[in-house]
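Here the structure is laid out as structure tokens; the discussion comes afterwards.
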Amino acid sequence: MLEKAKHKDRIDVASLHALGVQILKKNGVGKELADIVVHTLVEADKRGVGSHGVARLPSYVKRIQTGLIDVNARPRVVKDGQTLVLLDGRNGFGAVAGVHATQQAAARANSLGIGWVTVRNSNHIGMLAHYARLLVQRGLVGIVVSNASPAVAAFGGKRATLGTNPISIGVPGDGGPIILDMATTVVARGKIRRAAAEGKPIAPGLALDVDGNPTTDAEAALQGTLASVGGAKGYSLAIMIDLLSGLVSGGKFLTEVRQVTDLSGFAGVCFTIIAADIGRISDRDAYSERLLEFRSRIRQSGEGAEIYLPGEIESQRASEAEKIGIALPQDVVASLEALL
8 MLEKAKHKDR IDVASLHALG VQILKKNGVG KELADIVVHT LVEADKRGVG SHGVARLPSY
68 VKRIQTGLID VNARPRVVKD GQTLVLLDGR NGFGAVAGVH ATQQAAARAN SLGIGWVTVR
128 NSNHIGMLAH YARLLVQRGL VGIVVSNASP AVAAFGGKRA TLGTNPISIG VPGDGGPIIL
188 DMATTVVARG KIRRAAAEGK PIAPGLALDV DGNPTTDAEA ALQGTLASVG GAKGYSLAIM
248 IDLLSGLVSG GKFLTEVRQV TDLSGFAGVC FTIIAADIGR ISDRDAYSER LLEFRSRIRQ
308 SGEGAEIYLP GEIESQRASE AEKIGIALPQ DVVASLEALL
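Here the sequence shown is numbered in the numbering used here, starting from 8 and rising by one per residue.
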């Protein structure tokens, strides 16, 4: 059972991780892989990204129980071009393939300056910033992109054809990393699911219903399509991300990718992780000084208002969660305990 943290209505981080591992082990997952998967989910919850946190475990378990995830699968090298590598996820956990790809990309970047690793035939990878952060912690620039199941119509179209196709870019430096993590839609689909589960409306401008009309109804949004960020610009970025993940890998793309809740077949998620050693093109000491100046100019632009760089709010939330625990919706807690 989950242990409460010292702070009222919060869950202890270690207790949440232990419960997640217990759930996966009960469903045939070895401890090593269970630790990787649950760590990825809990990291999202710590940073306030509950749409990619432990709330995903029930759907993972359903896929395991219907034979749609190979719980023991580890990625296999298909092609090795030194700086560029293609892996087959072998229908294992997305987090397992993601961590392995990150390690491969980092190793290539350290020895060759850059590492590009593309993965096909995988599953939901979770919060992309997790992998960018792993690279940043090694002093490397990290770029992560992934395709996803259809949720967005092509610009000018009506039928869901593209995924939310997220992108994360991380840059290392003194004072903490700067990490962008965003969907190419105005909102991630997981946040719509969260609103639907809580019976709450969504803000205007996030989604369209099946008839192409704007809606604030979360259930109608899930049946319809999400709005691309920046209109044609977000649509175009989503196109490029699928090309760099699904198409180049020889894996699934566009409408071939299945939602995590779709139990009719394998998900087929594809993603690309790129690591680069900026020390090969920039003097590290000079870079650190310039980054401090960069941060200073950004913050000063607020003229007294507090200005955050990408990823800083999430890092603050994570530090707070380690001290006082994670706030989880009661229905999520109940759904986890029901899996024991």
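Even glycine gets a Cβ: it sits at the ideal position worked out from N, Cα and C.
Three-state secondary structure (DSSP) of residue i
i: residue 278; result: strand
i: residue 314; result: coil
i: residue 346; result: coil
i: residue 47; result: helix
i: residue 75; result: coil
i: residue 270; result: coil
i: residue 301; result: helix
i: residue 309; result: coil
i: residue 54; result: coil
i: residue 259; result: coil
i: residue 324; result: helix
i: residue 289; result: coil
i: residue 36; result: coil
i: residue 70; result: helix
i: residue 61; result: helix
i: residue 164; result: coil
i: residue 28; result: helix
i: residue 339; result: helix
Residue(s) in a DSSP beta bridge with residue i
i: residue 192; result: 235
i: residue 149; result: 177, 282
i: residue 129; result: 276
i: residue 159; result: 169
Proximity of residue i and residue j at Cβ, strictly below 7 Å
i: residue 47; j: residue 152; result: no
i: residue 102; j: residue 126; result: no
i: residue 158; j: residue 167; result: yes
i: residue 124; j: residue 92; result: yes
i: residue 195; j: residue 326; result: no
i: residue 155; j: residue 177; result: no
i: residue 273; j: residue 75; result: yes
i: residue 133; j: residue 78; result: no
i: residue 41; j: residue 26; result: no
i: residue 249; j: residue 231; result: no
i: residue 276; j: residue 62; result: no
i: residue 147; j: residue 269; result: no
i: residue 321; j: residue 140; result: no
i: residue 233; j: residue 188; result: no
i: residue 302; j: residue 183; result: no
i: residue 318; j: residue 174; result: no
i: residue 192; j: residue 252; result: no
i: residue 180; j: residue 298; result: yes
i: residue 18; j: residue 331; result: no
i: residue 116; j: residue 282; result: yes
i: residue 45; j: residue 24; result: yes
i: residue 88; j: residue 129; result: no
i: residue 219; j: residue 165; result: yes
i: residue 68; j: residue 346; result: yes
i: residue 306; j: residue 314; result: yes
i: residue 228; j: residue 214; result: yes
i: residue 113; j: residue 70; result: no
i: residue 37; j: residue 51; result: no
i: residue 291; j: residue 120; result: no
i: residue 267; j: residue 131; result: yes
Residue-level contact to chain D via CB, residue i, 7 Å cutoff
i: residue 103; result: Of the protein chains in this structure there is only one, and it is not chain D.
* Ordered list of alpha helix (DSSP H) runs contained in the stretch 80–145, each at least 4 residues -> 101–119, 135–143
* To do: Report the residue ranges of all alpha helix (DSSP H) runs contained in full by the stretch 182–230; include only those spanning at least 4 residues, in chain order.
  => 196–205, 225–230
* Asked: Counting Cβ pairs closer than 8 Å, one from the stretch 239–254 and one from the stretch 222–231, do we hit at least three?
  -> no
* So, do the stretch 260–275 and the stretch 108–125 have three or more beta carbon pairs nearer to each other than 8 Å? -> no
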